[in-house]
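What follows is a short report on a single structure.
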Amino acid sequence: MTSTTDVLVIGGGATGAGVLRDLARRGLRGLLVERGDPGSGTSGRYHGLLHSGARYVVSDPLAARECAVENEILRRIAPRTIEDTRGWYVQAPGDPDAYAAGFAAACAAAGVPCEERPVGEVLAHEPALDPDLQRAFAVRDAALEPWELIEANLADAIAHGAEVRRYTSVVAVERAGRRILSVTLADERSGSTGRVVPRLVVSAAGAWAGRVAALAGVRLQILPGRGTMLVFAERLSDAVINRCHPPGDGDLMVPVHTVSILGTTDVQVSDPDDTTVERAEVAALLDEGERLFPALRERRLLRAYAGVRPLYEPPAEDDDGAGDGASPGGRMIRRSHVVIDHAARDGVDDLVSIVGGKLTTYRLMAEQTVDLVMRKLGTSARCTTADEALPGQEPARHHWLGARLAAHEAAGGGDADLICECELVTRPELDAFLDARWPCSLDDVRRGTRLGMGPCQGGFCTFRAAGVLADREARRGASPEAVAGLAATAAEAFLEERLKGLRAVAWGRQLQEALLTDGLYHGVLGLPRSPAVDTSPETPDAVG
Ligand SMILES: Cc1cc2nc3c(=O)[nH]c(=O)nc-3n(C[C@H](O)[C@H](O)[C@H](O)COP(=O)(O)OP(=O)(O)OC[C@H]3O[C@@H](n4cnc5c(N)ncnc54)[C@H](O)[C@@H]3O)c2cc1C
């Protein structure tokens, strides 16, 4: 089947979702295709920080300023997706005095709000921090929920006439000289293919942008930079905690919902799908994290995961000198985004790529991309995405950690309705998600509801959620064999995904939890044993 559209957007991360929203609001017909579930790429595997900009004030003041401006815009247009934790930059013992001495001035020069406060103030709020901190600066960091943000952008785009196809990959691009004639799409679930004829293609494929460009015969050098993060089973701090030193590994702790996330590392990889976590990275992160939180190794580590940065390496003649893009070393490559018009650069008139950047700046990246699209299509309309709130938002009503518990108690409380106790996901919430999104996997449910993201990592909610799926299929008249098969397949796939995050951190109490989960699902329910569960683990000297 062949369809037409004004603009085909490839990639359903924050950037693609923001581009689709902006296009739709400016009156262009857009179709977004995402090879998986929206937010299943880097946007769903990031650190969770709404940058204040302070991290980049010394290394990249332009990126710092962009973050500061977008931080305030997101607080206005998407307050529900933000927990306003605030943030601290703290000078730990041994951190360079010179960096801290120039920090407040660098923030002021870049337009990043920052205030030095007495060390005693931060220690009073954050007792798990090292008591020997030297200096402390308060900044406007916060925690940002990616999936709700992406879905809100998509919902607004759809309300303005756009179309979204989930689990749909771009597999081929047909070109004649400078023009793109059509793009072939594959439905990842049914295997069927179709064609779309767009007036213009925007690639927002993140770390995969090089591969998408190659389909159109264009060389785009993306250096995927893998970053690993550790998830702790509790909030180790109320606010975001950064080390006040030149940005490095393991120097940032972000409180995200019920957990805390320490990160990151930066390892150059050749494959953007490579999200393997090495035990040595876990050890290195814990070593660095202990410089902020001395008792870190006593805290329960839930899982480790990695995401891949879409770092763009411009050809030498493209480098405008604004950043530090010439070096192939991970943290040295420019973190700002680049909008690429492939007409001028590669002789392909109908292709635009948006690469690099941060989740915090997704809206600005989308605005600049759509500005170029409008110019190329010979039309104009003002961008409104910074002024108009996303759907479902109330002015200044930020996310509150206690909201789910309060809602559950207001509705009468009780455990009977809870499918996931760790994250307080109720049966009505699960049903509402399935009504809106079926067919979907339990991993899609996780992104939409946080099912399975708490301390038991799916141990006690997977069989309940799989049971709900089975119940719905049975009520639709499916055979008992089909119902049982669906529940088993869904549970197995979800547990495998959850337990994967345990491989590099399976020791102590979390290993006990994994073995309990294995006993429940393999021993009692007879599902195949997950390869993630190593029943004869070595004591990892490096990390234990
Ligand atoms: C470890 C780490 C920590 C980070 N921490 C932060 C942070 O705390 N704060 C912050 O602001 N930023 C952070 N970032 C940066 C931020 O996460 C990314 O810049 C941002 O998420 C990129 O979004 P995106 O939409 O461009 O890419 P993605 O979210 O990766 O979206 C691209 C999408 O394209 C899809 N796709 C690929 N190929 C195809 C195809 N052929 N057909 C269809 N779809 C396709 C992929 O499935 C993917 O979903 C971090 C990045 C990493 C790696």
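In the working numbering, the protein residues as written are 107 to 650.
All residues carry an ideal CB built from backbone N, CA and C; glycine is no exception.
All values reported here derive from a predicted model rather than from experimental measurement.
From the DSSP secondary-structure annotation, give me the bridge partner or partners of residue i.
i	result
Pro304	Thr111
Asp447	Val458
Val365	Val362
Pro167	DSSP lists no partner for Pro167.
Ser288	Glu280
Asp293	Thr274
Glu189	Ala249
Asn348	Tyr195, Leu358
Glu269	Leu137
Arg241	Gln197
Thr299	Ala292
Leu496	None, per the DSSP bridge assignment.
Gln374	Gly331
Ile116	Val139, Ser309
Leu155	Ala249
How far does the alpha helix (DSSP H) with residue i in it reach, from first residue to last?
i	result
Ala389	385 to 395
Leu470	468 to 483
Leu605	586 to 606
Leu54	Lying before the first or after the last residue shown, residue 54 is absent from the chain, which here runs from 107 to 650.
Tyr418	First-last for Tyr418: 407 to 418, but that is the beta strand (DSSP E), not the alpha helix (DSSP H).
Leu511	509 to 516
Tyr205	203 to 216
Thr667	There is no way to answer for residue 667, as the model of the chain reaches only from 107 to 650.
Ala555	Reading off the sequence, residue 555 comes out as Thr, not Ala. Residues 548 to 555.
Arg615	614 to 624
Pro534	533 to 543
Val318	315 to 321
Do the CB positions of residue i and residue j come within less than 7 angstroms of each other?
i	j	result
Arg406	Arg141	no
Trp72	Arg553	Residue coverage of the chain in this structure runs from 107 to 650, which leaves residue 72 outside it and unanswerable.
Glu396	Leu402	yes
Ala154	Val375	Here the sequence assigns Gly to residue 154, which means Ala is not the residue at that position. Cβ atoms of Gly154 and Val375: not closer than 7 angstroms.
Val445	Thr191	no
Val276	Ile116	yes
Ser149	Gly124	no
Asp128	Ala472	yes
Pro185	Ala313	no
Ala210	Glu222	yes
Ala495	Ile183	yes
Ile460	Thr121	yes
Thr290	Arg301	yes
Gln145	Ile256	According to the sequence shown, residue 145 is Gly rather than Gln. Taking 7 angstroms as the Cβ cut-off, Gly145 and Ile256 qualify as a contacting pair.
Ala207	Gln197	no
Ala596	Leu548	yes
Ala174	Tyr162	no
Thr242	Val164	Note that residue 242 is Ala in the sequence shown here, rather than Thr. Going by C-beta atoms, Ala242 is not nearer than 7 angstroms to Val164.
Val574	Leu536	yes
First and last residue of the beta strand (DSSP E) that includes residue i?
i	result
Val197	This sequence places Gln at residue 197; Val is not what is there. 193 to 197 is the extent of the beta strand (DSSP E) around Gln197.
Thr274	274 to 282
Cys526	524 to 526
Glu222	220 to 223
Phe338	328 to 338
Leu137	136 to 139
ask   = For the region 377 to 391 against the region 589 to 604, are there 3 or more C-beta pairs whose distance is under 8 angstroms?
value = no
message = Below 8 angstroms, how does it come out for the region 450 to 467 and the region 297 to 312: are there three or more Cβ pairs, yes or no?
response = yes
inquiry  = Measuring CB atoms only, is the region 268 to 286 touching the region 129 to 146, in the sense that at least three cross pairs come out at less than 8 angstroms?
reply    = yes
message = Assess contact between the region 337 to 357 and the region 474 to 487, defined as three or more Cβ pairs (one per stretch) separated by less than 8 angstroms. Is contact present?
response = no
query = Counting Cβ pairs closer than 8 angstroms, one from the region 242 to 253 and one from the region 152 to 167, do we hit at least three?
reply = yes
task = Please confirm if the region 332 to 340 is in contact with the region 171 to 183, defined as three or more CB-CB distances below 8 angstroms between the two stretches.
result = no
message = Using 8 angstroms as the cut-off, can you tell me whether the region 555 to 564 makes contact with the region 527 to 538, which would need three or more C-beta pairs spanning the two stretches below that distance?
response = yes
ask   = Taking contact to mean at least 3 C-beta pairs separated by less than 8 angstroms, is the region 514 to 526 in contact with the region 107 to 114?
value = no
message = Across the region 518 to 525 and the region 194 to 203, are there enough close Cβ pairs to call them in contact, namely three or more that are closer than 8 angstroms?
response = no
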